[in-house]
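Protein sequences appear in the order of chains A and B.
Mapping the first sequence onto numbering that gives the first Met the number 0, position 3 (from 1) lands on 2, and the numbers just tick up by one.
Mapping the second sequence onto numbering that gives the first Met the number 0, position 144 (from 1) lands on 143, and the numbers just tick up by one.
Protein chains: 2
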Amino acid sequence: MGVESPAARSTKGDLTRQRIIEKAAGVFNRRGFAGASLSELMEATGLEKGGIYRHFESKQELAEAAFDYAWEAVSAPRQRGLEEQKSSLDKLLLLVRNFVGEPPRTLSGGCPLLNTAVDSDDGNPVLRNKARAALSGWRTRIADLVRSGQRNGELLKTIDPDSVAVVMIAALEGAVMMSGLEKTREPQHIVGRHLEEYLLGLRARSKG
Amino acid sequence: MGVESPAARSTKGDLTRQRIIEKAAGVFNRRGFAGASLSELMEATGLEKGGIYRHFESKQELAEAAFDYAWEAVSAPRQRGLEEQKSSLDKLLLLVRNFVGEPPRTLSGGCPLLNTAVDSDDGNPVLRNKARAALSGWRTRIADLVRSGQRNGELLKTIDPDSVAVVMIAALEGAVMMSGLEKTREPQHIVGRHLEEYLLGLRARSKG
Numbered sequence: 000m001g002v003e004s005p006a007a008r009s010t011k012g013d014l015t016r017q018r019i020i021e022k023a024a025g026v027f028n029r030r031g032f033a034g035a036s037l038s039e040l041m042e043a044t045g046l047e048k049g050g051i052y053r054h055f056e057s058k059q060e061l062a063e064a065a066f067d068y069a070w071e072a073v074s075a076p077r078q079r080g081l082e083e084q085k086s087s088l089d090k091l092l093l094l095v096r097n098f099v100g101e102p103p104r105t106l107s108g109g110c111p112l113l114n115t116a117v118d119s120d121d122g123n124p125v126l127r128n129k130a131r132a133a134l135s136g137w138r139t140r141i142a143d144l145v146r147s148g149q150r151n152g153e154l155l156k157t158i159d160p161d162s163v164a165v166v167m168i169a170a171l172e173g174a175v176m177m178s179g180l181e182k183t184r185e186p187q188h189i190v191g192r193h194l195e196e197y198l199l200g201l202r203a204r205s206k207g
Numbered sequence: 000m001g002v003e004s005p006a007a008r009s010t011k012g013d014l015t016r017q018r019i020i021e022k023a024a025g026v027f028n029r030r031g032f033a034g035a036s037l038s039e040l041m042e043a044t045g046l047e048k049g050g051i052y053r054h055f056e057s058k059q060e061l062a063e064a065a066f067d068y069a070w071e072a073v074s075a076p077r078q079r080g081l082e083e084q085k086s087s088l089d090k091l092l093l094l095v096r097n098f099v100g101e102p103p104r105t106l107s108g109g110c111p112l113l114n115t116a117v118d119s120d121d122g123n124p125v126l127r128n129k130a131r132a133a134l135s136g137w138r139t140r141i142a143d144l145v146r147s148g149q150r151n152g153e154l155l156k157t158i159d160p161d162s163v164a165v166v167m168i169a170a171l172e173g174a175v176m177m178s179g180l181e182k183t184r185e186p187q188h189i190v191g192r193h194l195e196e197y198l199l200g201l202r203a204r205s206k207g
């Protein structure tokens, strides 16, 4: 076992850093920023305090990296199969089905957007800004799909693309809250069916 | 100034207890259970630790009383004017309008159901049960209104009353999350218009 090169040390450090982020993400997502204790973070990562904070300047820095990881972890499965859909309407319907389908196993504690929005509403401006940017990006992606469907004549020109995005996101996130509280996915399935009918009702009449 | 009777002492104690609950409700609603610190509770109530805990056995007991108060504080304005509406549909429409209208000034920090559901999803079973009961009661009240509208021929017999309740609550609560994050009531207004259209679409055809 020779002396590690600086590059190898850096790679190993990066891997440890990434592993800390992944494990901490579940703790922050379940507990919130204030509620995530050092002892829980140590237990989840299997590291001592010094082992964690060798890679992060502060709990704040770790929480920020954990949010980015968590949002990516839940967002990726929601986009699954979207590229294979030809029509904008089918893409919108698939977004709903992906969301209300099986939860991603990569993260415990529910939707990190909902959790961070509610947790950071008083006192953590950086996490709050991250959640706001995540929401804004989600709104934009849905509104763009609607606009594209309007351009190609699939969807009614009279609907407001951003309003469609707001209705979809509000209903889906509210259903996550209900499902989390009731420990059943029933609310998500009900909302999924509602949004499916809603989206089908936005079809341009000529395509009806 | 004579010696206070036991009854007078009790009344004064009750008043102090009630004032602590009211002030603490805002702190718990903004900060969550773990995030609500003793110093914040002391600042909000204007009392020392001993002054607060003379009336409550624990932070847990205070948080439970605060949730009950908070839920009542937001629920009452949502029911405003309901009795004056003759039709079930008008009652449902008014529920939506009350919700998305001006927020009650009685409580800071947004909807206590949303906050408690998200905050307590790991670790506080009593608060969680309180939030679950609040959600369940809300679902029942809306579903009962729909059933009543079906019985009197206003609303389609084919709709599932509980599904209407889930759609309304999910969309409204999701909009609260979005509005809280974006610091604008626009999402609530968009969702309000969506639910209005949705409810109007549930009218029995003969009443068309």
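Backbone N, C-alpha and C fix where the C-beta goes; we use that ideal spot for every residue, glycine too.
Item, Value
"By alpha-carbon positions, which one of B:H193, B:S162, B:D161, B:K156 ends up nearest to B:A174?", "B:H193"
"Is there at least one Cβ from chain A nearer than 8 Å to B:D13's Cβ?", "no"
"Which one of B:F55, B:E101, B:C110 has the shortest CA to CA distance from B:G25?", "B:C110"
"Residues of the segment 174–190 of chain A with a CB closer than 7 Å to any CB of chain B: list them in chain order, please.", "A174, M176, M177, G179, L180, E181, P186, I189, V190"
"Counting pairs of beta carbons, one from the segment 60–73 of chain B and one from the segment 22–37 of chain B, are three or more of them closer than 8 Å?", "yes"
"Decide yes or no for the touch test of the segment 146–153 of chain A against the segment 83–91 of chain A: beta carbon pairs closer than 8 Å, at least 3 of them.", "yes"
"Does B:S162 come within less than 8 Å of chain A when only Cβ atoms are used?", "yes"
"For A:V165, which of B:L180, B:S162, B:A164 has the nearest alpha-carbon?", "B:L180"
"When the Cα of B:S162 is compared with those of B:S135, B:S36, B:L14, which residue comes out closest?", "B:S135"
"Quick one: Cα of B:S36 to Cα of A:I20, how far?", "27 Å"
"Would you kindly check if the distance between the Cβ of B:V73 and the Cβ of B:G188 is under 8 Å?", "A small fix is needed here, since residue 188 of chain B is His in this sequence, not Gly. Contact: no."
"Could you tell me the boundaries of the alpha helix (DSSP H) in which B:H188 lies?", "185–199"
"Count the other C-beta atoms from every protein chain shown that fall within 10 angstroms of the C-beta of A:K182, then say buried if there are 16 or more, exposed otherwise.", "exposed"
"Starting from B:E276, follow the alpha helix (DSSP H) in both directions and report where the run begins and ends.", "Residue 276 of chain B lies beyond the residue range present for chain B, which begins at 0 and ends at 207; the question has no answer from this structure."
"Between which residues of its own chain and A:M41 is the CB-CB distance below 6 Å, once the five residues before and five after are set aside?", "none"
"Out of curiosity, what's the CA-to-CA distance linking B:R96 and B:L171?", "11 Å"
"Pull up the distance between the alpha-carbon of A:W70 and that of A:Q17, whole angstroms please.", "15 Å"
"If you run the structure through DSSP and keep just helix, strand and coil, what is A:R202?", "strand"
"My parser needs the alpha helix (DSSP H) runs of 4 or more residues fully inside the segment 5–62 of chain B; what are they?", "5–34, 37–44, 48–52"
"Which complete alpha helix (DSSP H) runs does the segment 96–138 of chain B hold, if anything under 4 residues is left out?", "111–118"
"When we look at the beta-carbon of B:T115 and count the other beta-carbons within 10 Å, is it buried (16 or more) or exposed?", "buried"
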